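For the record, the sequence lines run as chains A and B.
Under the numbering used here, the first sequence has 248 at position 248, and the numbering climbs by one with no breaks.
Under the numbering used here, the second sequence has 544 at position 131, and the numbering climbs by one with no breaks.
By construction, the Cβ of each residue, glycine as well, lies at the ideal position given by its N, Cα and C atoms.
Quantities reported herein were computed from a predicted structural model and do not represent experimental measurements.
The structure appears below as structure tokens.
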Amino acid sequence: MHGTTLALIELGAVLLLLGILGRVAARIGMSPVPLYLLGGLMIGVGGLVVSGVDASGDLHSPVGAIDEFSTLAAEIGVVLLLLTLGLEYSARELMTGLRGSWRAGLLDVALNFTPGAVAGWLLGWGAVGAVVLGGITYISSSGIIAKVLNDLGRVGNRETPVMLSVLVFEDLAMAVYLPLMTALVAGSAILAGLQAVGIALVVVTAVLFTALRFGPQISRLVHSPDQETFLLKVLGLALLVAGVAGALQVSAGVGAFLLGIAVSGAAAKQARSVLEPLRDMFAALFFVLFGMNVDPRTLPPVLLGALALAVVTAATKLLTGYLAARAAGIGVAGRWRTGAALTIRGEFSIVIAGLAVASGSMPPEVSAFATAYVLILAVAGPVLTRSADGFGRRRAALARERADRRAREAGLV
Amino acid sequence: MCRMSLNETPLPGIGVRRELDIAAGRRIGVVTHRDGQTDLILSDRDDPDACAASVPLTLEEAASLGALLAGPRLVAQLEDEHAELPGITTRQLILPHESPYAGEELGSTRMRTRTGVSIVAVVRAGVTHPSPGPDFLLEGGDLVIVVGTGEGVRQAEKLLAV
Chain A
1 MHGTTLALIE LGAVLLLLGI LGRVAARIGM SPVPLYLLGG LMIGVGGLVV
51 SGVDASGDLH SPVGAIDEFS TLAAEIGVVL LLLTLGLEYS ARELMTGLRG
101 SWRAGLLDVA LNFTPGAVAG WLLGWGAVGA VVLGGITYIS SSGIIAKVLN
151 DLGRVGNRET PVMLSVLVFE DLAMAVYLPL MTALVAGSAI LAGLQAVGIA
201 LVVVTAVLFT ALRFGPQISR LVHSPDQETF LLKVLGLALL VAGVAGALQV
251 SAGVGAFLLG IAVSGAAAKQ ARSVLEPLRD MFAALFFVLF GMNVDPRTLP
301 PVLLGALALA VVTAATKLLT GYLAARAAGI GVAGRWRTGA ALTIRGEFSI
351 VIAGLAVASG SMPPEVSAFA TAYVLILAVA GPVLTRSADG FGRRRAALAR
401 ERADRRAREA GLV
Chain B
414 MCRMSLNETP LPGIGVRREL DIAAGRRIGV VTHRDGQTDL ILSDRDDPDA
464 CAASVPLTLE EAASLGALLA GPRLVAQLED EHAELPGITT RQLILPHESP
514 YAGEELGSTR MRTRTGVSIV AVVRAGVTHP SPGPDFLLEG GDLVIVVGTG
564 EGVRQAEKLL AV
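Next comes the structure, spelled out in structure tokens:
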């Protein structure tokens, strides 16, 4: 068969599979991300679908004809994921969020980066592996959390702004973390890593300042009345900025993220609406490719470790949310709801693992471990969030009862 | 009115929440999503942090609900003003979508000639249009405020097919 024809057939089959998986996910009310990963595991190297054996006798993926395309598409997926993450929040929202939430944000880093880093160390992945796994356990999934809150009708709850401000802080932390991590996995010395962070910090500050000061002008620059030219302009600018940032060792994703922050107002709204379908497609390809590159046979050995880490980091996120909500004056039930929602990990943990593995310097278990970890928490997190309401209310009732009893006893004495 | 506390809370990445702490001890308000969707929210009686209800509304539904809620105060104000005029009634009528005058000019109802009743205001999408002229275009779902005698108002209801 002609190469291009084969590629079309394979790409069509993969997209169709993704569509079916997405539909199934919507049916059972969960995020499609874990299903995309599972789909990737199924069709990838060593998966259920019979793999071909090439001339040298090595196993290769059954969808080998789209290797080049899918690798590029996955790159674009990461760029678009981070670009739309940057578009989520305006510079002003980021600044007010930062002012209100830095305490909760630092607590979040301390409680949730540490267990991952320690686990990475224990697994023998070295200092760089520790930084990678710390990032994977630190970042909650703002995408899945927003969807779950909407589905459960909790957007109007009083604890929701607390939760969102923690997520805003995490996203800002990514702007520092990603360049550091990319520099470290590329094998640069600590000093070069810090230099990359220094550059990133300066750029972030400059971008935030420019966005706050000249937001409307920038937006007007990108703005275009016609959807088609607007899409081309935004996408072109994003890939260009991402590429240049990548060449400067600041990580392509970070460049796109900062561009997203700089664009605000009407242009950001328009960009979100035109980019979302594209992002969904390319991000789906990124998740499926990530899953494909994980040999399912490497999963069982890491499963127990991933499960243990998932339990520990679910507990630390619960504690983070509980304390952050308590500091904001939220009642007992709301504190549990906040903590439970934050336990959800998803797309960005996979993005971090993907960037780390792409460097080639990480042991291959990292992908398997990250896949198992995200599969567990992307599924268990929303379930936990759903049940947190009843649990929190019971705890609140218990606390009230105890206080009543104490008051009665005090009255008797 | 001024003692009511209206709170506005930005929800980064989602939209804005605007709510009132009402005398009944609850929070009631709306969440305006970035994409324009509006949720009506009502806090839970037992857990004031949580919501007992969060109901998505279309733009039209939200506007109609706003008109329904705003109507009584408008009528009460008008009735106050006519208090010393016995026999004068103020009434709010919702123009049904199937009314023959939905989509017609207000003048074509010839309301004043036929019933002696005046249309003093039309509330649409939460906005009050006071003293609408004869070329004002009526739409189904409009809240029409009429003033007249009791009998006249009954005839006006029949005329507009309320």
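Local Cβ density within 10 Å of A:Gly404, reported as buried at 16 or more and exposed below that:
Numbered from 1 along the first sequence, position 404 holds the residue referred to as residue 404 of chain A. A small fix is needed here, since residue 404 of chain A is Asp in this sequence, not Gly. Exposed is the call here.
Look up B:Ile558 in the DSSP assignment and say whether it is helix, strand or coil.
Your numbering for residue 558 of chain B matches position 145 in the second sequence. Note: B:Ile558 maps to strand in three-state DSSP.
With a threshold of 8 Å between beta-carbons, can B:Thr502 be considered close to chain A, or not?
Looking up residue 502 of chain B in the second sequence gives position 89. Not an interface residue.
Interface positions of the segment 426-442 of chain B facing chain A (Cβ-Cβ less than 9 Å), listed along the chain
Gly426, Ile427, Gly428, Arg430, Glu432, Arg440 and Gly442
Cβ-based burial, B:Glu497 [other Cβ within 10 Å; buried from 16]:
By one-based count along the second sequence, residue 497 of chain B stands at place 84. Exposed: under 16 other Cβ atoms inside 10 Å.
Could you tell me which residues DSSP pairs with B:Val533 in its beta bridges?
Numbered from 1 along the second sequence, position 120 holds the residue referred to as residue 533 of chain B. Answer by DSSP bridge pairing: none, since B:Val533 is not bridged.
Flag A:Ala416 as yes if its beta-carbon sits less than 8 Å from any beta-carbon of chain B, otherwise no.
Chain A is shown only over 1 to 413; residue 416 of chain A falls outside these bounds and no answer can be derived.
Quick one: which residues of the segment 317-330 of chain A get their C-beta closer than 8 Å to a C-beta of chain B? List them in chain order.
Ile330
Test item: CB-CB of A:Ala340 and A:Ala370 under 8 Å
Mapped onto the first sequence, residue 340 of chain A falls at position 340. Mapped onto the first sequence, residue 370 of chain A falls at position 370. No, the Cβ-Cβ distance between A:Ala340 and A:Ala370 is not below 8 Å.
Quick one: give me the first and last residue of the alpha helix (DSSP H) that B:Gln568 is part of.
As a working mapping, residue 568 of chain B is identified with position 155 in the second sequence. Where B:Gln568 is concerned, the enclosing alpha helix (DSSP H) stretches over Gly563 to Leu572.
Quick one: is B:Val575 buried, meaning 16 or more other Cβ sit within 10 Å of its Cβ, or exposed?
Your numbering for residue 575 of chain B matches position 162 in the second sequence. Answer is exposed; the Cβ neighbour count stays below 16.
Within the 8 Å Cβ cut-off, does B:Arg447 reach chain A?
As a working note, residue 447 of chain B is residue 34 in the second sequence. Judged by the 8 Å Cβ criterion, B:Arg447 is in contact with chain A.
Is it the case that the Cβ atoms of B:Ser456 and B:Arg430 are separated by a distance below 8 Å?
Taking the first residue of the second sequence as 1, we reach residue 456 of chain B at position 43. Taking the first residue of the second sequence as 1, we reach residue 430 of chain B at position 17. It is not a contact, given that the beta carbons lie outside the stated cut-off.
Taking B:Leu424 as the query, report the chain A residues whose CB atoms sit under 8 Å from its CB, ordered along the chain.
Translated into positions along the second sequence, residue 424 of chain B becomes position 11. Within 8 Å Cβ-Cβ: Val155, Thr160, Pro161 and Leu164.
Pop quiz: A:Ala414 and A:Val162 are said to be a contact at Cβ under 8 Å. What is the actual Cβ separation, rounded to whole angstroms?
Nothing can be reported for residue 414 of chain A: it is not among the residues displayed for chain A, which extend from 1 to 413.
Look up B:Ser418 in the DSSP assignment and say whether it is helix, strand or coil.
The residue you call residue 418 of chain B lines up with position 5 of the second sequence. Here B:Ser418 sits in strand by DSSP.
In chain order, what residues of the segment 137-148 of chain A put their CB closer than 7 Å to some CB of chain B?
Ser142 and Ala146
State yes or no: is the beta carbon of B:Ala475 nearer than 8 Å to at least one beta carbon in chain A?
Walking along the second sequence from the start, residue 475 of chain B turns up at place 62. It does not: the Cβ of B:Ala475 has no partner Cβ on chain A nearer than 8 Å.
Under 9 Å Cβ-Cβ, which residues of chain B neighbour A:Arg393?
Within the first sequence, the letter at position 393 stands for residue 393 of chain A. Ordered by position in chain B, the residues that pass the 9 Å Cβ test against A:Arg393 are Asp459, Asp460 and Ala463.
Give me the Cα-Cα distance between B:Glu517 and A:Ile330, rounded to the nearest whole angstrom.
As a first step, residue 517 of chain B is located in the second sequence; it is residue number 104 there, counting from the start. As a first step, residue 330 of chain A is located in the first sequence; it is residue number 330 there, counting from the start. Whole-angstrom Cα-Cα distance: 53 Å.
Give me, in chain order, the residues of the same chain whose beta-carbon lies closer than 8 Å to that of A:Leu41; leave out the 5 immediate sequence neighbours on both sides.
Counted from its first residue, the first sequence places residue 41 of chain A at position 41. Result list for A:Leu41: Gly47, Gly291, Met292, Val294, Pro296, Leu299 and Thr371, in chain order.
Which residues in chain A have a C-beta closer than 7 Å to the C-beta of B:Asp452? List them in chain order.
Here residue 452 of chain B refers to the residue found at position 39 of the second sequence. Simply Val155 and Gly156.
Check this for me: beta carbons of A:Ala256 and A:Val222, under 8 Å apart or not?
Stepping through the first sequence from its first residue, residue 256 of chain A is reached at position 256. Stepping through the first sequence from its first residue, residue 222 of chain A is reached at position 222. Cβ distance not < 8 Å, so A:Ala256 and A:Val222 don't count as in contact.
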